[in-house]
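Here the sequence shown stands for residues 1 to 316, where the numbers follow full-length UniProt numbering.
Presented below is the structure to which this report refers.
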Amino acid sequence: MKDAVLNTGARMPMIGLGTWKSDLSTMVKVVDSAISSGYRHIDCAAVYGNECQVGQALQHSLSHSAVERQDLWITSKLWNDNQKAEHVRPACLSTLADLQLDYLDLYVIHWPIAFRHGVRSPASREDFVPRNELALKETWLAMEALQKEGLVKNIGVSNFNISHLKEIMSVASVVPSVNQVESHPYLQQRELLGFCQQQGIHMTAYSPLGSSGRSAELRSADERMILEDATIQRIAARRGASSAQVLLAWQIQRGVSVIPKSSSPTRLAENLAAALLELTEQDNSEIAAINIVQRYFSLSSWFGAESPYSLSDVWG
Numbered sequence: 001m002k003d004a005v006l007n008t009g010a011r012m013p014m015i016g017l018g019t020w021k022s023d024l025s026t027m028v029k030v031v032d033s034a035i036s037s038g039y040r041h042i043d044c045a046a047v048y049g050n051e052c053q054v055g056q057a058l059q060h061s062l063s064h065s066a067v068e069r070q071d072l073w074i075t076s077k078l079w080n081d082n083q084k085a086e087h088v089r090p091a092c093l094s095t096l097a098d099l100q101l102d103y104l105d106l107y108v109i110h111w112p113i114a115f116r117h118g119v120r121s122p123a124s125r126e127d128f129v130p131r132n133e134l135a136l137k138e139t140w141l142a143m144e145a146l147q148k149e150g151l152v153k154n155i156g157v158s159n160f161n162i163s164h165l166k167e168i169m170s171v172a173s174v175v176p177s178v179n180q181v182e183s184h185p186y187l188q189q190r191e192l193l194g195f196c197q198q199q200g201i202h203m204t205a206y207s208p209l210g211s212s213g214r215s216a217e218l219r220s221a222d223e224r225m226i227l228e229d230a231t232i233q234r235i236a237a238r239r240g241a242s243s244a245q246v247l248l249a250w251q252i253q254r255g256v257s258v259i260p261k262s263s264s265p266t267r268l269a270e271n272l273a274a275a276l277l278e279l280t281e282q283d284n285s286e287i288a289a290i291n292i293v294q295r296y297f298s299l300s301s302w303f304g305a306e307s308p309y310s311l312s313d314v315w316g
């Protein structure tokens, strides 16, 4: 397994297992199967609502195999209603309890948007923390305190644009280790990737395969699926690989780690094998030339008339 070396010197596996929208009834089996197959990186979040099941699977693997805690990389995320400094540590402790762990390898701020404490999903304008009260700097300093305490080994962010990164770095004594964002050939994130690389921030791609399992309210009528893209399929045929493997290998070769989700043992193994696929310069040039722009997670419900935030507040 290839590793990304973070700015702390920590080594994070380049391919992880995403757990968003995973079936609770099979979550324990899927995580256990993934670890048995060779996965060592599991990506979680409090808002996914399945960290208890992930924790059960982790404990089963740790007690029934040769895998030890230090062999695993476990990531979780601070949800939007816990961004006030006084809520950061309790939120982290809750996640650790659910996952049955003493520490996280990586803890990230999930979004540069804040909800009122206790709000999981906003239903009205009052559920949001106004833009002028958003305190990302204070949240980041509270994250640094978690790292100093040893509750987390590395800290980072998710869905942050360049402006957000500059904002927290203006007060940071610890540069974010990771910025986790949506990325695939329809959303290549070249400018953001370049900035992160300049600053020593590793980029992780979520939805690297296009997230076909999203619910209907998260889909748009005219969206195109990256797995069905003609260029990707042509390269896959040329390399004797699947479209998914091409998409994952492309990210890995440009230094971006990936966290695809799957519950199928066959696809789990297929995704992991993508680390062995070497795309040619021609392959990469063809992918770079794809000029379709598609964001699968626009989260338009967060930016309507009932929200104090605009699309530009998040996506820039």
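Using N, Cα and C, we set each Cβ at its ideal position, and we do this for glycine too.
Predicted model, so just to flag it, every value in this text is computed and none were measured.
Query                                                                                                                                                                             : Result
Is Gln233 helix, strand or coil when you go by DSSP?                                                                                                                              : helix
Please determine, among Ile162, Gln180 and Ser163, the residue with the shortest C-alpha to C-alpha distance to Ile155.                                                           : Gln180
In this structure, how does DSSP classify Ala289 when only helix, strand and coil are distinguished?                                                                              : coil
Going by alpha carbons, who is nearest to Gly18 out of Ser301, Ala205 and Ala142?                                                                                                 : Ala205
Tell me whether the segment 298-310 and the segment 118-132 touch, counting them as touching only if at least three CB pairs, one residue from each stretch, are closer than 8 Å. : yes
How is Ile162 classed by DSSP in three states: helix, strand or coil?                                                                                                             : helix
How many whole angstroms separate the CB atoms of Ile15 and Leu209, which I take to be in contact at a CB cut-off of 8 Å?                                                         : Ile15 to Leu209, Cβ: 12 Å. No contact.
When you compare only the Cα positions, how much space is there between Glu167 and Pro176?                                                                                        : 12 Å
From the DSSP output, in three-state form, read off Ala205 for me.                                                                                                                : strand
Count the other C-beta atoms from every protein chain shown that fall within 10 angstroms of the C-beta of Trp140, then say buried if there are 16 or more, exposed otherwise.    : buried
Just to confirm, is the Cβ distance from Leu24 to Gly49 under 9 Å?                                                                                                                : yes
Of the residues Arg131, Tyr107, Pro112 and Arg40, which one's Cα is nearest the Cα of Met143?                                                                                     : Tyr107
Helix, strand or coil: how does DSSP classify Gly55 here?                                                                                                                         : helix
Would you please state the rounded distance, in angstroms, between the beta carbons of Ser283 and Ile252? I believe it to be under 8 Å.                                           : Residue identity differs from the one stated: residue 283 is Asp in this sequence, not Ser. Going by Cβ atoms, the distance from Asp283 to Ile252 rounds to 13 Å, so no, they are not a contact pair.
Assuming Ser37 and Pro265 are in contact, meaning their beta carbons sit under 8 Å apart, how far apart are those beta carbons, in whole angstroms?                               : 7 Å
Quick one: measure Cβ to Cβ for Ser158 and Ile109, integer angstroms, because I've assumed they're closer than 8 Å.                                                               : 7 Å
Look up Gly156 in the DSSP assignment and say whether it is helix, strand or coil.                                                                                                : strand
Determine which residues share a DSSP beta bridge with Met12 and list them.                                                                                                       : Ala4
How big is the Cα-Cα spacing for Leu146 and Leu104?                                                                                                                               : 10 Å
Could you tell me the alpha carbon to alpha carbon distance between Glu51 and Gln100, rounded to whole angstroms?                                                                 : 9 Å
Considering only their Cβ atoms, is the gap separating Ile232 from Leu192 smaller than 9 Å?                                                                                       : no
Compute the distance between the beta-carbons of Ser257 and His41, then report whether it is under 9 Å.                                                                           : yes
With DSSP as the reference, label Val31 as helix, strand or coil.                                                                                                                 : helix
Exposed or buried, what is Val171 when buried is set at 16 or more other beta-carbons lying within 10 Å of its beta-carbon?                                                       : exposed
Can you tell me the Cβ-Cβ gap for His202 and Leu72, rounded? I've got them flagged as a contact below 8 Å.                                                                        : With a Cβ gap of about 18 Å, His202 and Leu72 do not count as contacting.
Since Phe297 contacts Ser207 with CB under 8 Å, what's their CB separation in whole angstroms?                                                                                    : 7 Å
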